[in-house]
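Take a look at the structure below.
Number of protein chains: 2
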Amino acid sequence: MSPSITLERITALLRQKGYKLTRQRRAVLQVIVTSHDHMTPSKIHEKVQKIDPSVGLVTVYRTLEILTGAGLICRVHTDRTSRSYLLRRPHGHHHHLICSDCGRVVDFTDCNLHRLEKRLAAETGFRTEDHILEFFGCCSLCQETAATKEEDRA
Amino acid sequence: MSPSITLERITALLRQKGYKLTRQRRAVLQVIVTSHDHMTPSKIHEKVQKIDPSVGLVTVYRTLEILTGAGLICRVHTDRTSRSYLLRRPHGHHHHLICSDCGRVVDFTDCNLHRLEKRLAAETGFRTEDHILEFFGCCSLCQETAATKEEDRA
DNA sequence: ATCCGAATTGAAAAGGATTTTCAGTTAGAT
DNA sequence: ATCTAACTGAAAATCCTTTTCAATTCGGAT
Ligand SMILES: [Mn+2]
Ligand SMILES: [Mn+2]
Ligand SMILES: [Zn+2]
Ligand SMILES: [Zn+2]
């Protein structure tokens, strides 16, 4: 079992990489660590401003770039125009189950695409090096909520 | 074997849907039908202008929207900021093998993710409804090119 | 072949996301 | 406490995409 990603662990890693731990960065980190949803830079900024209204959107962008470079956050792939980020919880290769209702993301690590990759290589001559895989749907919490509403109506 | 997607077939379908077949739209269609690469609106515009320099970028965007609505083109999911489109060759649900060297896209239809979806539903309670799956790598042509260069050096 | 009206067009402006610039501020080593 | 490179916010610049609007064009009706 790998250790969970805590604020302390992240700040230690950033400090180790030579980054300063500013008031602004702490606020951005706090927002990201305490959320299970994927969030756009703008949404993160909105939440950060509740902690510290003086933090600018540009600083959010800059912090997200650092965190991406350090492998501490993931981007989720959606059809939206703006990017969307999330704390990287599993350390290695993994994928996301994204709730279309609430934005919650559940991670999974075992995608088992080797067989498919091998078949495609044989059929098309294509040598695969990487892949994107994201599932969209409804998380268990939102299913419960929907079920409860259904009951109330009865 | 489903019939191949020809320019005639597409224009017939658009006309049937009540769209006018303008000079500009014909140019955009020609560019898309004759390419196996995914292309950004800007790249498409560039190619369209070689056929007809008077066509504006805005018209390319508008035509892409119509073609998307009619299910005649696909978007590919990459890390780039701008969108990228491609003629939709398989009719139904399918995915892409995208060459990182030349941009060529090879389609495949049989993703076989049902088992994985079932396992994830059992493990996480998540009910999946849709997914994105794209492979990145090197197409057979670019592998040959690379191999030839390697030989020449010897 | 000509006419007509709605659909379509290009140019320009607006919009939205992200990046760059720059002068002032600050974290953290000494 | 001092110092300096790293960091910051505001504003401007860049991209990509959409909207607006007056002029043009397609294609059905004459
Ligand atoms: Mn992730
Ligand atoms: Mn496709
Ligand atoms: Zn949910
Ligand atoms: Zn290639």
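Residue numbers (numbering that gives the first Met the number 0), protein chains in the order written: chain R, 0 to 153; chain F, 0 to 153. Note that CB positions come from ideal geometry on N, CA and C, so glycine has one too.
No heavy atom of ligand 2 is found nearer than 7 angstroms to the CB of Leu119 of chain F. For Cys73 of chain F, there is no enclosing alpha helix (DSSP H); the enclosing beta strand (DSSP E) has its first and last residue at 72 to 74. The three-state secondary structure of Arg79 of chain R, taken from DSSP, is coil. At least one CB of chain R lies nearer than 8 angstroms to the CB of Val105 of chain F. In the DSSP assignment, Val105 of chain R forms a beta bridge with R:Leu96. Tyr18 of chain F has its alpha-carbon roughly 10 angstroms from the corresponding atom of Ala11 of chain F. At a beta-carbon threshold of 9 angstroms, the residues of chain F lying near Leu119 of chain R are Leu96, Val105, Phe107, Phe134, ordered along the chain.
Taking the C-beta atoms as reference points, Leu115 of chain F is found no nearer than 8 angstroms to Thr127 of chain R.
Under the DSSP assignment, Thr144 of chain R falls outside any beta strand (DSSP E), being part of the alpha helix (DSSP H) whose first and last residues are 139 to 152. Taking CB atoms only, Cys138 of chain R has a neighbour in chain F less than 8 angstroms away. Val104 of chain F has its alpha-carbon roughly 22 angstroms from the corresponding atom of Thr147 of chain F. If you check the CB distance, His37 of chain R and Leu85 of chain R come in under 8 angstroms. Taking 7 angstroms as the cut-off, the C-beta of Cys73 of chain F counts as close to a heavy atom of ligand 2.
Per DSSP, the unbroken beta strand (DSSP E) holding Tyr84 of chain F starts and ends at 84 to 86. In terms of Cα proximity to Arg87 of chain F, the closest of F:Ile72, F:Cys98, F:Ile9, F:Asp129 is F:Ile72. In the three-state reduction of the DSSP assignment, Leu6 of chain F falls in the helix class, which pools H, G and I. Taking a C-beta distance under 8 angstroms as the contact criterion, Phe135 of chain F and His113 of chain R do not qualify as a contact pair. Using a Cβ distance threshold of 8 angstroms, Ser41 of chain R and Ser81 of chain R count as a contacting pair. Annotation: Gln29 of chain F to Ile50 of chain F spans about 9 angstroms, alpha carbon to alpha carbon. In the DSSP assignment, His113 of chain F falls within the alpha helix (DSSP H) that extends over 113 to 123. Ala26 of chain R: member of the alpha helix (DSSP H) spanning 22 to 32, first to last residue.
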